[in-house]
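Each remark here refers to the structure printed beneath this line.
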Amino acid sequence: MRKIFRYAFLLIAGTFLLAGCLPEEGEEALKYQGPSVVEFKNQTLGKLTSVLRGEGVLTVPAANVQTDTSRFITPTAYAFTSAAGTRTTFSARAVDSVLVQLVGPQSSTETVLNFEVLPTSTAVQGTDYTLDPSNANGRVVIPANKSQGYILIRPIAGGSAPGTTRRIILHLTGNEALKASPNYDTFYVSIYQPTVAQQQ
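Mind the numbering: the sequence shown is residues -19 to -1, 1 to 181 in mature numbering (1 follows the signal peptide of the UniProt record, and there is no 0), read in order.
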């Protein structure tokens, strides 16, 4: 009799445990069901600080911390010494890639999107940076059956005066069918030119 109760209990408990794995009606409400949009995404956010420094993404001083819509880079390897005497080294970043992602179903054909460098940018194209030829006309391509494309920026070492920071402001406009998400349609890339003393 004891075995029967034990098996009955296990059977009933197992049923409840398995039922807990099924999706609930409320979970359907958590899925994105809006129109397809495109947006900028900072793909370096969340990486280890040591990895970022090796890739030329600045992590100190605190004013240079990256966000969802911005990051600081350097085209020249250098060392930063804090007021406490801590020395941090950064590698040069030859190419910075700004990710453009599709929020919605993928397309079986490539998707061509438009972007612009806003005139309020302090970085000057040709002096502080160049765009990859695939992006030079203000276009970024998301390949067929993919959800992301990249805007490639090549910072120029020594472009501006040593010790200065110049900012590129990218604005994503999308295309006729895909509009840019208003929350993530702007991305900031700041290029820091280290001083001569920092490069030694």
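Ideal Cβ placement from N, Cα and C applies to all residues, glycine included.
Since this is a predicted model, take the numbers as computed values, not measurements.
With distances taken from CA atoms, which of the options is nearest residue i?
i           : options                     : result
A104        : G37, R135 and Q24           : R135
A60         : L26, G144 and S171          : G144
A64         : V41, F71 and V76            : V41
residue 187 : D113, R147 and G119         : No answer is possible for residue 187: it lies beyond the span of the chain, which begins at -19 and ends at 181.
G15         : P100, A117 and P86          : P86
S128        : Y13, K(-17), R(-14) and E20 : E20
E36         : S17, R148, F71 and L26      : F71
K22         : V177, N164 and G107         : N164
D109        : V122, A117 and R147         : R147
V154        : V122, R68, S141 and A178    : The amino acid at residue 154 is misidentified as Val; the sequence shows Thr. That would be V122, whose Cα lies nearest to the Cα of T154.
S171        : V46, K28, I(-8) and L29     : V46
Assign residue i to one of two classes, buried (16 or more other C-beta atoms within 10 Å of its C-beta) or exposed (fewer than that).
i      : result
Y169   : buried
A161   : buried
D49    : exposed
F(-11) : exposed
What residues in its chain sit with their C-beta under 7 Å from that of residue i, if we drop five residues either side in the sequence?
i    : result
N156 : V93, L94 and N95
S89  : A125 and N126
L11  : none
For the beta strand (DSSP E) that contains residue i, what are its first and last residues?
i           : result
V93         : T92 to V98
T154        : T146 to G155
G130        : Q129 to P136
L83         : D77 to V84
V121        : R120 to I123
V105        : No beta strand (DSSP E) holds V105; DSSP gives it neither H nor E.
R74         : Here R74 belongs to no beta strand (DSSP E), and DSSP marks it neither H nor E.
residue 182 : Nothing can be reported for residue 182: it is not among the residues displayed for the chain, which extend from -19 to 181.
Y59         : Y59 to T62
Using 8 Å for Cβ pairs, my map puts residue i next to residue j. What's the rounded Cβ distance?
i    : j    : result
I150 : S102 : 5 Å
V38  : I54  : 6 Å
Note down, in chain order, each residue of its chain lying with its Cβ closer than 8 Å to the Cβ of residue i, except the 5 sequence neighbours on either side.
i      : result
T57    : A73, A138, G139, Q174, P175 and Q180
R120   : V93, L94, N95 and F96
R(-14) : none
Q24    : S78 and L80
Which residues bound the alpha helix (DSSP H) around residue i?
i    : result
T111 : Looking at the DSSP string, T111 is not in any alpha helix (DSSP H); the run it does join, the beta strand (DSSP E), is Y110 to L112.
R34  : T30 to G35
Between which residues of its own chain and residue i is the CB-CB distance below 6 Å, once the five residues before and five after are set aside?
i   : result
S51 : Y169
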